[in-house]
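A short worksheet on the structure shown next.
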Amino acid sequence: MKHYKQYINGRFIDSNASSVIEILNPCTEEIISTISTGTVEDANHALEAAQASQPAWEALPAIKRAAFLHKMADVIRENRVFLAETLSKEQAKVIGLAQVEIDVTADYFDYNAGWARRIEGEIIQSDREKEHIYLHKVPIGVAVGICPWNFPFFVMARKVAASLITGNTCVIKPSSEAPNTVMEFADLIQKIDLPTGVLNFVCGSGRTVGNALSKSPITGIISLTGSVGAGQQIISAAAENITKVSLELGGKAPAIVCADANMELAVNAIVASKVIFSGQVCNCAERVYVEDRIYDEFVDKLTKKMSQVTVEDALTGTNADMSSLVSKAQIDKISEMVEFAKKEGAEVLVGGKRDEKFDKGYFYKPTLLTNVSQNMEIIQEEVFGPVLPVMKFSTLDEAIALSNDCQFGLTSSIFSENYNNIMRATNGLHFGETYVNREHFEAIQGFHAGWKKSGVGGADGKHGMEEYLHTRVVYAQYY
Ligand code: NAD
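Per my numbering, the sequence shown starts with residue 430, numbered consecutively.
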């Protein structure tokens, strides 16, 4: 069985902690690897290494930093099958999707490398004679990236690529649930001669390692992708040194289906958005609002489509739509939420329970619920599983109001063939992202950012890259 170590200052080291974290294959419940539990000392050691290497890294022309990002993309592509299998095994991601995550991660490094010649400042007209006002974009210093288990490899790249191209050095804390693929990447980048200390990986619990990284005065920016609870704790820790935070948190995405929608397209897109990685995706459709005139027909079609979803072992299942949930904690939480919804009157049209076809693992059936109402937990709280509650609406204003009646503001969607409906919804929905007539999934050149409790700041594209830059203003007077 493989044992992983922390990667700090260019070396793999076993931390002083006596315990190890055991990583399970969720489909089989077998322990597949261990990793030494990182400590507060490891976190501080990594931050010090990142701090020491930062001035020289910043001094490199951006195009030279970009060359390292291209090399990271290359080593990922050279090892794409191995990395996808590692990812699939550690978190029950169906192998096809795991391969997509690996390939998109390589693209992400190349894409960010492309910003090298485009990190630009501004010169502004002064009100004084013989003066120029210069805005310079400069790196913040040391960036800390704290990652979730659901897209552990891609989210790691979101933080590493954007921080390194902008001249920051970086400490990554992978999720303890799924660190293997990230630690394999740490091993692979040994081959690219990245300057020592520029990129470090410390695995351990959020409360110890994550907290130490968040409250250190060395840290210049903390970028978390995770739950609202972790975001709140990180804001408290960051308050100590008024450290910048960028938080990508949970969601409760509504999908609005108007009577004039292309029904086939809407059914396919909503089911695809729900079952991708077994519904454990922050931007997944989490609730559906259907116009009353087509409600019965739509629900019939949705029932048929959800019943056809295939569930298999993530690695060996051929062409499965989804697989096991990531952990016992996850299946217990989802089961409880569905049982509670049933008690409150929800009707189960598909699934609604664990999948008894499997005697090991954390398999939950794709689930469709009706007879739900706006104030029920299943409509208000993030499920993060393959459970879709459906409600009716009669006017678009009502659908927009129901969608906005929620603590989260990450993603949303509208299905309609009517221009006015689309324009009204895209302007009225209080969400960082709205998808029109397509499944919920963002692009690397977009901007992935939650409103309300879904976060502050954002990732991807130009604006995501700029999160990692300070703006310095110089008032240059001359005689
Ligand atoms: P989580 O909050 O449990 O953990 C995320 C990371 O935060 C882990 O590395 C964890 O160790 C760390 N952490 C936890 N408490 C911490 C603390 N006090 N200080 C510092 N670090 C701490 O989330 P998860 O279960 O891994 O992921 C699922 C959640 O992430 C869902 O809510 C999902 O919606 C969200 N998510 C959001 C996005 C997005 O882009 N908005 C993307 C993926 C996942």
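Yeah, the Cβ is synthetic: ideal placement off N, Cα and C, and Gly gets one too.
No experiment lies behind these values; they were computed from the predicted model shown.
Residue i beta carbon near the ligand NAD (any heavy atom closer than 8 Å)
i: residue 877; result: yes
i: residue 550; result: no
i: residue 790; result: no
i: residue 602; result: yes
i: residue 925; result: A question about residue 925 goes unanswered here, because the residues of the chain that appear run from 430 up to 908.
i: residue 577; result: yes
i: residue 520; result: no
i: residue 663; result: yes
i: residue 679; result: yes
i: residue 635; result: yes
i: residue 670; result: no
i: residue 639; result: yes
i: residue 534; result: no
i: residue 606; result: yes
i: residue 555; result: no
i: residue 584; result: yes
i: residue 813; result: yes
i: residue 456; result: no
i: residue 711; result: yes
i: residue 580; result: yes
Classification of residue i by the beta-carbon crowding that lies within 10 angstroms, buried from 16 upward
i: residue 519; result: buried
i: residue 564; result: exposed
i: residue 472; result: buried
i: residue 553; result: exposed
i: residue 557; result: exposed
i: residue 432; result: exposed
i: residue 612; result: buried
i: residue 555; result: exposed
i: residue 435; result: buried
i: residue 668; result: exposed
i: residue 887; result: buried
i: residue 609; result: buried
i: residue 724; result: buried
i: residue 604; result: buried
i: residue 848; result: exposed
i: residue 900; result: exposed
i: residue 483; result: buried
DSSP beta-bridge partners of residue i
i: residue 822; result: 720
i: residue 599; result: 572, 628
i: residue 740; result: 751
i: residue 867; result: Its beta-bridge partners do not exist; DSSP assigns none.
i: residue 604; result: Answer by DSSP bridge pairing: none, since residue 604 is not bridged.
i: residue 645; result: For residue 645, which the question treats as bridged, DSSP gives no partner whatsoever.
i: residue 480; result: BP columns for residue 480 are empty, so no partner.
is_contact[residue i, chain D] using C-beta, thresh 9 Å
i: residue 550; result: Here there is only one protein chain, and chain D is not present.
Every unbroken alpha helix (DSSP H) within the segment 662–709, with a cutoff of 4 residues, ordered by chain:
Runs found: 692–704.
Write down every uninterrupted run of the alpha helix (DSSP H) in the segment 778–842 whose length is 4 residues or greater and which is fully enclosed by it, in chain order.
Within the segment 778–842, the runs of alpha helix (DSSP H) at least 4 residues long that lie entirely inside it are, in chain order, 806–809, 825–833.
Can you check the segment 477–528 for any alpha helix (DSSP H) of at least 4 residues that lies completely inside it and give the ranges in chain order?
As far as the segment 477–528 is concerned, its whole alpha helix (DSSP H) runs of at least 4 residues are 491–507, 509–520.
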